[in-house]
Every structure is written in C-alpha cells, then in structure tokens.
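Comments concern the structure below.
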Amino acid sequence: MKLKTSELVICSLFASLTAILTQISIPLPAVPLTMQIFAVALCGLVLGKRLGFISQIIYVLLGAIGLPVFAQFSGGIGIILGPTGGFILSFPIIAFVVGYFSEKFMSTIGIMFGMICSLLISYIIGTLQFCIVTNSDIVKGLTICVIPFIIVDIIKLSLAIVVGKSILKRVNLGYSIKTS
C-alpha cells in the first residue's frame, strides 16, 4: 500500500489532531474522560477507512515510542500495555469501522450505526485488557470502563458527525454525507 505525499500529510495532521484533542481530559481514577473517541471517529468519518486507519496507526506508534500524545501528556509502551491500553489499541479499528460506514452508507443514520459498532468494539477491547491487567472480573471492568462513559461517548460521537459533515461540505474528499 503506497501512500501519496498528500495522503501521508493528511494522516499525520489527523494523528496530531487526535493527540491535541486527547489532552482535553478530566482525570478519573481508572479511565480518564477525554475527547479521544471524538477525534478518532472524526478521523474515520472525514478520511475514510484507509486513511483514518493509517492516521490512528501513526498516533498509536507515536505514543508507543514515548511521545506524550496520550491522555495527560503520557506516552510509552507501558501505557499501551497498561489497564487502559486496549482502548488506545482499538483506535485504528474505530477509525476503520467509522470510515467504512461513512463510505458505504453516506447517511447520518448509517454512520451513527457504524460509530455505535466501533464504540462497542472499543469497549470490548478496552474492558478485556483492563480486566486482564488489573485481574478484575468483567462486571468490575464494565462498571469502571463502560457504564460511566456510555452517554458521554454517544454525545461525542454525535458531535463528531456534526463536525465531520461540516468539514466534508467544505473539503472535497470524493464523497458526502446525506442528511437522512
């Protein structure tokens, strides 16, 4: 898979956008409340499945090598292997799924369905890693990692649709979203 220079630049810009929006964070005991899911969904929506996926691979790799791009300006492989690392590892998948649905259905309802599917994938991967690393049962994992965030995450995904539609109206990426 060969990337054009312009594609690499846009992927890097969206990886940077993810890093910036991640710093909008409310620290909580186990899992911080951040704008990451908004940023990742926006990447998939605006860039599509291929470039959205690549942008998030770039983001994860930057954090893995130690750049402070994760929540609360953290970075390093220890974060990825830690209790919340599963959520970070799910970001490329989220961007791919959202991008797939935005390319395939091009409707607000179809995209929201894709975002909900990607959120469930993130919750599964993130909660499983949390439970494994902390030696917790699934109920505790869901109580800490999922239940407090469901409504807020759905709001952030809805906001990503609004912002993404606005961006796509102004930038020609080869497709647009219907308002249905």
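For the sequence shown, the numbering used here begins at 3 and goes up steadily by one. Built from N, CA and C at the ideal position, the CB exists for glycine as well.
Going by other Cβ atoms of all chains shown within 10 Å of its Cβ, with 16 needed for buried, is residue i buried or exposed?
i	result
V154	exposed
K51	buried
G46	buried
F241	Lying outside 3 to 182, the shown extent of the chain, residue 241 is not represented and no answer is given.
T181	In this predicted model, T181 has a pLDDT of only 49, less than 50, meaning its place in the structure is not dependable; the value taken from the coordinates is given anyway. Exposed, since its Cβ has fewer than 16 Cβ neighbours within 10 Å.
M3	exposed
S104	buried
V173	exposed
L30	exposed
V11	exposed
With distances taken from CA atoms, which of the options is nearest residue i?
i	options	result
L64	V100, T110, A17	A17
A66	M114, L47, A21	A21
V42	L30, S14, K106, K6	S14
K158	F40, D139, V135	F40
K6	L19, L53, L35	L53
G143	Q38, T86, V11, L35	T86
I156	M37, L10, V11, S8	M37
K171	V100, I26, M108	M108
V135	E9, G84, V62	G84
Only counting the same chain, and skipping five residues up and downstream in sequence, which positions put a Cβ closer than 6 angstroms to that of residue i?
i	result
G68	G77, G78
I96	V42, S120, S124
I26	M37
Do residue j and residue i come within 8 angstroms of each other at the CB atom, strictly closer than that value?
i	j	result
F55	F98	yes
Q131	P94	no
I113	I152	no
L91	I123	no
T145	A73	no
Can you list, in chain order, the residues of its chain with a C-beta nearer than 7 angstroms to that of residue i? Leave out the 5 residues immediately preceding and following it.
i	result
I169	V48
In chain order, what residues of the same chain lie with their CB nearer than 8 angstroms to the CB of residue i, ignoring the 5 residues before and after it?
i	result
I60	C13, S14, A17
I81	G65, F72, G87, I90
I140	T129, C133
I149	none
- Task: Starting from the N-terminal side, write out each stretch of the alpha helix (DSSP H) that is 4 residues or longer and does not extend beyond the segment 101-171.
- Result: 110-136, 140-147
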